[in-house]
Amino acid sequence: PDPNNISIPLDPRPPRLTLKDLECIRVLGEGQGQVLLASLKRRSHRLDRRTNFALKVIARKSYRTHAVELCRPDKKFTPEERRSLIKKHMYTKDLERGNLASIPWNPFVAGIFQTFHDSQKLYMALEFIPGLTLRSRLRQIKGGFKHNEANFYFANIICAIEFLHAEGIVHRDIKPDNILLGPDGYLCLTDFGSSAKLSQLDGSWTETGTIYYMAPECQVGARHEPRDIPEAIDWWSSGCVLYEMVTGILPFFHLAALGTQYLVSHAQFGWPLETTRLGKSMRHLVESLLVVAPADRLGANGAEEVQNHPWLSNIDWSKMQDRRYMAPFIPNLPNLPELWHKATLPKSEHVPGITIVEPRLDLTHDDRFP
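Everything in the sequence shown is counted per this note's numbering, starting at 9 for the first residue and increasing by one.
Next up, the structure:
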């Protein structure tokens, strides 16, 4: 046969996504950058039509600005010092993409699908988990969750932490805002902007995370070095989240940031009177997680330490990993295209390459009506 007439079979795999394949539907959240709900355009790609992604958008300029702000703001840097600082910081922030891309998919962790960039922005197409944040769910329940719900959710968090640590990653910013409640009622950990690889312990480990959930060793001038037992950082944060889930309040809070840091550094927290219903076993678990010395903290020797605690004795961990438990709460998910927009969509010039789909007039965000 003539080799010129031999047809080449089509590659069954879909081609790599580009920004032109996506259209922005709405704003999901704000942080260091915007998180947009992006959808595949019809007929532009062989993936399922209307596949949704949580598209994290970060301005390159914000990386550079944040790099300088992280160091002493009162210090004047030479041009060479400034360039070195920016390069080091951008490498650290790029670890978020690298960390997510290097691990296999897991149902307890929101994975990354693909990354993009243009002259102005960096983009990460993340797995979109429709539902609530754990923070939103907490606001619905006055005084914290009941035993079965807190028990189930904390087991979910343990599964996520165990998976990440087994893959050599420390999250370093576990809090209710970074935990999503999916349509099946299970939790999923997201936002890896502060994460670090255990194999790369260079860079700054102080003041990383959110102050109310930050481990004592992550504070400036701490008695312990956070890189000695880095996994213990996540177990401290999980203890703060568990306390908040069962009480409805933060374990460490002061109107002044220094006051909060003092409470954290000495692990000074109490139990509201109405939480006597929680039982000694649950309180013992929280108190074992919120220990100042990382080496003495529950979980410092592995997730199995936490899994074997009496308060979690009802959990079959193999069954939990396979998500064969019935969740205590299934969120009622609204139809996103029919919801009023809580934030203004970005302008086309700010996200070049992505089509902006304007909502109906009655759903458009208006700053005059917050």
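Glycine included, each C-beta is placed from N, C-alpha and C at the ideal position.
No residue range can be given for Ala303, since it is assigned to no alpha helix (DSSP H) and is classified by DSSP as neither H nor E.
Distance check between Cys196 and each of Asn60, Gln42, Ala351 and Gly119 places Gly119 closest, using alpha-carbon atoms only. Here the C-alpha atom of Phe200 lies approximately 11 Å from the C-alpha atom of Leu172. Sorting Ala303, Val178, Val299 and Ala230 by C-alpha distance to the C-alpha of Asp242 places Val178 at the top. Per DSSP, the beta-bridge partners of Glu135 are Phe61. For Ser47, the three-state secondary structure derived from DSSP is strand. By the neighbour-count criterion, in which 16 or more other beta carbons inside 10 Å mark a residue as buried, Met334 falls on the exposed side.
Counting only the Cα atoms, Thr352 lies some 43 Å from Val299. By the Cβ test, the region 317-325 is in contact with the region 152-162, since at least three Cβ pairs between them sit closer than 8 Å. Less than 9 Å divides the Cβ of Val272 from the Cβ of Ala223. The alpha-carbon separation between Ile362 and Asp29 amounts to approximately 8 Å. The beta carbons of Arg180 and Ala204 sit about 6 Å from each other, so the pair counts as a contact at 8 Å. The region 246-260 makes contact with the region 272-283; the number of CB pairs closer than 8 Å reaches 3 or more. The beta carbon of Phe153 lies closer than 6 Å to those of Met253 in the same chain, with the five residues before and after it left out. In chain order, Ser246 place their CB closer than 6 Å to the CB of Ile165, counting only its own chain and leaving out the 5 sequence neighbours on each side.
With 16 or more other Cβ atoms from the protein chains shown falling within 10 Å of its own Cβ, Arg34 counts as buried.
Excluding its 5 nearest sequence neighbours in each direction, Ser289 has C-beta neighbours in its own chain below 6 Å: Pro318 and Trp319, listed in chain order. For Gly119, the three-state secondary structure derived from DSSP is coil. A residue is called buried once 16 or more other Cβ atoms fall within 10 Å of its Cβ, and Val228, having fewer, is exposed.
Take the alpha-carbon of Gly176 and the one of Thr123: they are about 21 Å apart. For His125, the beta-bridge partners assigned by DSSP are Leu130.
The beta-carbon distance between Val359 and Lys129, rounded to whole angstroms, is 6 Å. This is short enough to meet the 8 Å contact definition.
Assigned with DSSP and collapsed to three states, Ala67 falls in strand. Put simply, of Arg305, Arg285 and Gly190 the residue whose alpha carbon is nearest the alpha carbon of Pro234 is Arg305.
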